[in-house]
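Sequences listed follow chains A and B, in order. Heads up: the first sequence runs through residues 1 to 367, numbered per this note's numbering. Heads up: the second sequence runs through residues 1 to 302, numbered per this note's numbering. Where a beta carbon is used, it is the ideal one built from N, C-alpha and C, also for glycine.
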Amino acid sequence: MATVELKNLRKTYLTEEIIKGISLSIEEHEFVVFVGPSGCGKSTLLRMIAGLEDITSGDLLIDGQRVNDVEPGKRGLAMVFQSYALYPHMNVYKNMEFGLKLSGMPEAERRAKIENVARTLQLEPYLNHKPGQLSGGQRQRVAIGRAIVRNPKVFLFDEPLSNLDAALRGQMRVELSALHRKLGATTIYVTHDQVEAMTMADKIVVLQKGVVEQIGSPLELYHHPRNLFVARFIGSPPMNFFSAIFQGGDAAGSSVQLRDGSTLYVPVTSPGLLPGTKVTVGIRPEHVELASSGPNSGVVEVIERLGAITLVHVRMPDGEIIVVQTDGAVLTDVNSPISLTLPPRNCHLFAPDGLAFEACHRHPLAA
Amino acid sequence: MQAVLEHSPPAGATARTTKRTGFLLLSPSVLILLVWSIVPLIMTLWYSLQNYNLVDPTLHGFAGIDNYWYLLTDPDFLHALLNTLVLVAGVLVISIGGATLLAVLYDQEFFGRGIARIMVISPFFIMPTVSALLWKNLMLHPIYGVYSAMMRAVGLTPIDWLARFPLMTVMMIVAWEWLPFAVLILLTAVQSLDGEQREAARMDGAGPIARFRYIILPHLGRAISVVVMIETIYLLTIFAEISVTTAGGPGVASTNLAYLIYSRALLQFDVGGASAGGVVAIVIANIVAIFLVRAVARNLEA
């Protein structure tokens, strides 16, 4: 098992900089997930670690050794591709054997290893099948098996579940987590699916436009997003935002004035802002509470009933829409007036430059 | 539901009528094609059993299997048969071997790739007769050919290729004509290879040669078998190149089956003997076709 360290890694295509200086260290046994919108550079970054893309500048260290110029096959990594990339003319056994054979491992040892992995992944009945005869989930397993048999220092996954249907994706997610717990291998996993990121990661790296927006545990990102981008990206449905005027703060919190004139005292430290500055208030749909009367009143515009929960879209007097996630059995009708309660402890404040105000108290699960 | 069931018999009748109309409309073209291929075949079979020589009208009548007997015992026939096989096999090996390497090469990014691709395809657009004449007179001519000039330039004696190595030279000319076709098919096949598969092989530690051997070649298998089949069908009947360059000679050194039949029929005016040759050629072509189609079909299923 191994550590991976990225030191100011950069990648330039022609004249455009895709990866703009990323530094990151990945511990042994850690499961790190790169997330971000499409085009954020997460796959490119993974491919740079794999050696499939050249590194323009910066250092990539695996186990403390600089591997910028080492061939992909010699970095001690194994990768699972989005399309699985199984060799279609080889059966499952030969697919898993290919890398071992090229490394010159003796036949008996190869067989023992492959059979062992096939047993773990329940692939034994399919060893003589060609990839074309397998279902999507089985192909996925073969691709993972092909990575495991090589006993790599680091596993790389490039959106491995995005070609599976929703049910299978959920199942494979659980299997991958279990497999990681069992093998304890250092893993880097790229996805655009935040459910995968939240459920599997020890550490999430949120990327945007080739820059790291935040690194942290899933709940750290959820409870203490560093800036507006992370706040918007993590969480579904996304966080609600509305503008407010900063009034002043002390050690225990900051107070802001909302559009309707009411004030909100949020337990976050104010980073030396002048009173009167325009700030952004953010609150997650699951934290807003519905009330029959009171301040922050609006009109219900859309109701989405998902069974267990209901999403209520409320049009505020100033025209903004606030989404509220509430109980599945809530009795509210479209066009009826409604009031919202915004619990201050769940509110986030963002300065004009997008950075979040530091919370006075860390959430216990995101210490 | 009831209504539909009640209406179904007329619907069936309509379908039958439609089918019959279809057959009627198809029949003229089917008939013409049938006449076109069956009548010559029957005439060839009939002539092959006749004593029929255009320069000797006195010799006529039923010949039985004499024409076949003379043909099959003629050393020229065996020679022509062997030449045909050598020609087909040689051109296949050169064109497919070369095309596989070129396809992999042209799949890489390099400056001027578009123009290079057009140039490698262009021999395919030249008529066989024209390209054979170009090779014979422009390139290989012992006195004013380009190769002769090149050889003289480095102090070597020019070789009269068509006289010294007639079959090899014809093979080379035909391979030059067919290389573009193979390149075209194999290049598209190489390009259809999933990029992630190559990358997976790189991650597995495969170098360029191992990737070519274990990933690219197997991927090209189908395309190669298709090229083999199509080229074989055309190569069995090479005629123009031989007629224009060597006229089958010296002796029968570059005579293949197609040219042998031509020389029997239109140089020796032996219609009976030529027809027997034609029937033998049909039989051989069909045997080859059966094997090829089977092999290719198996390859395509896999």
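Beta carbon proximity, residue i to chain B, threshold 8 angstroms
i                  : result
Phe-81 of chain A  : yes
Lys-113 of chain A : no
Ala-85 of chain A  : yes
His-89 of chain A  : yes
Ala-78 of chain A  : yes
Gly-73 of chain A  : yes
Ser-103 of chain A : yes
Phe-98 of chain A  : yes
Leu-6 of chain A   : no
Ala-308 of chain A : no
Leu-183 of chain A : no
Leu-52 of chain A  : yes
As assigned by DSSP and simplified to three states, the class of residue i
i                  : result
Glu-115 of chain A : helix
Asn-8 of chain A   : strand
Ala-359 of chain A : strand
Tyr-70 of chain B  : helix
His-60 of chain B  : strand
Glu-109 of chain B : coil
Tyr-234 of chain B : helix
Val-4 of chain B   : Reliability fails at Val-4 of chain B, whose pLDDT of 45 lies under 50, so the model's placement of it is uncertain and no value is given.
Ser-131 of chain B : helix
His-219 of chain B : helix
Tyr-52 of chain B  : strand
Ala-351 of chain A : coil
Glu-220 of chain A : helix
Asp-76 of chain B  : helix
Met-168 of chain B : helix
Leu-140 of chain B : coil
Phe-81 of chain A  : coil
Ser-148 of chain B : helix
Ser-339 of chain A : strand
Ile-215 of chain A : strand
Chain A within 8 angstroms of residue i, Cβ atoms only
i                  : result
Gln-191 of chain B : no
Ala-265 of chain B : no
Pro-218 of chain B : yes
Glu-109 of chain B : no
Ile-215 of chain B : yes
Ala-206 of chain B : yes
Ala-285 of chain B : no
Gln-268 of chain B : no
Arg-211 of chain B : no
Gln-197 of chain B : yes
Val-4 of chain B   : Bear in mind that the predicted position of Val-4 of chain B carries a pLDDT of just 45, short of 50, making it too unreliable to give a figure here.
Met-168 of chain B : no
Met-203 of chain B : yes
Asp-66 of chain B  : no
Ala-223 of chain B : no
Ala-200 of chain B : yes
Whole-angstrom C-beta distance between residue j and residue i, which should lie under 8 angstroms
i                  : j                  : result
Val-271 of chain B : Met-229 of chain B : Not confirmed; about 32 angstroms, so no contact.
Arg-217 of chain A : Ala-366 of chain A : The residue asked about is misnamed: residue 217 of chain A is Ser in this sequence, not Arg. Indeed they touch by this definition, with Cβ atoms about 7 angstroms apart.
Glu-30 of chain A  : Lys-203 of chain A : 6 angstroms
Tyr-52 of chain B  : His-60 of chain B  : 6 angstroms
Pro-131 of chain A : Arg-139 of chain A : 6 angstroms
Gln-325 of chain A : Ile-303 of chain A : Incorrect: roughly 12 angstroms between the Cβ atoms, too far for contact.
Residue i CB to nearest heavy atom of the ligand ADP below 7 angstroms
i                  : result
Leu-267 of chain B : The ligand ADP is absent from the structure shown, which contains no ligand whatsoever.
Counting only runs of 4+ residues fully inside the region 18–75 of chain A, write out the alpha helix (DSSP H) ranges in chain order. As summarised for the region 18–75 of chain A, the continuous alpha helix (DSSP H) elements at least 4 residues long and confined to that stretch are 42–50, given in chain order.
With a cut-off of 8 angstroms, do at least 3 Cβ pairs link the region 75–85 of chain B to the region 204–214 of chain B? no
At 3 residues or longer, what runs of the beta strand (DSSP E) sit wholly inside the region 248–325 of chain A? As far as the region 248–325 of chain A is concerned, its whole beta strand (DSSP E) runs of at least 3 residues are 253–257, 263–266, 278–283, 289–291, 297–305, 309–315.
Determine contact between the region 53–71 of chain A and the region 80–92 of chain A, defined as no fewer than three beta-carbon pairs at a distance below 8 angstroms. no
Taking contact to mean at least 3 C-beta pairs separated by less than 8 angstroms, is the region 185–200 of chain B in contact with the region 222–238 of chain B? yes
Can we say the region 16–35 of chain A touches the region 206–220 of chain A, given the rule of at least three CB pairs closer than 8 angstroms? These segments touch.
Using a Cβ distance threshold of 8 angstroms, determine whether the region 261–268 of chain A contacts the region 343–360 of chain A, with at least three qualifying pairs required. yes
Closer than 7 angstroms, Cβ to Cβ, to anything on chain D: give me those residues from the region 229–243 of chain B, in chain order. Although the question refers to chain D, the structure presented lacks it and instead comprises the protein chains A and B.
Using 8 angstroms as the threshold, is the region 283–290 of chain A in touch with the region 336–344 of chain A, meaning 3 or more CB pairs across them? yes
At least 3 beta-carbon pairs within less than 8 angstroms: the region 248–263 of chain B vs the region 137–144 of chain B: no
At what residue ranges does the region 84–171 of chain A contain a whole run of the beta strand (DSSP E), taking only runs of 3 or more? 154–158
Is there contact between the region 100–110 of chain A and the region 43–50 of chain A, where contact requires at least three CB pairs shorter than 8 angstroms? Fewer than three pairs of CB atoms, one per stretch, sit closer than 8 angstroms, so the region 100–110 of chain A makes no contact with the region 43–50 of chain A.
Under 8 angstroms: do the region 151–167 of chain A and the region 179–196 of chain A share three or more Cβ pairs, one atom per stretch? yes
Does the region 85–93 of chain A come close enough to the region 159–167 of chain A to have 3 or more Cβ pairs within less than 8 angstroms? no
Enumerate, from N- to C-terminal direction, the unbroken alpha helix (DSSP H) stretches of 4 or more residues contained entirely within the region 227–288 of chain B. The region 227–288 of chain B is shown to contain whole alpha helix (DSSP H) runs of 4 or more residues at 240–245, 257–262, in chain order.
Check whether the region 241–248 of chain B touches the region 23–42 of chain B, taking contact to mean three or more Cβ pairs, one atom from each stretch, closer than 8 angstroms. no
Just list the alpha helix (DSSP H) runs in the region 170–207 of chain A, keeping only unbroken ones of 4 residues or longer that don't cross its boundaries, in chain order. 194–200
Just checking, does the region 267–281 of chain A make contact with the region 247–256 of chain A on the three C-beta pairs under 8 angstroms criterion? Counting C-beta pairs closer than 8 angstroms gives three or more between the region 267–281 of chain A and the region 247–256 of chain A, which meets the contact rule.
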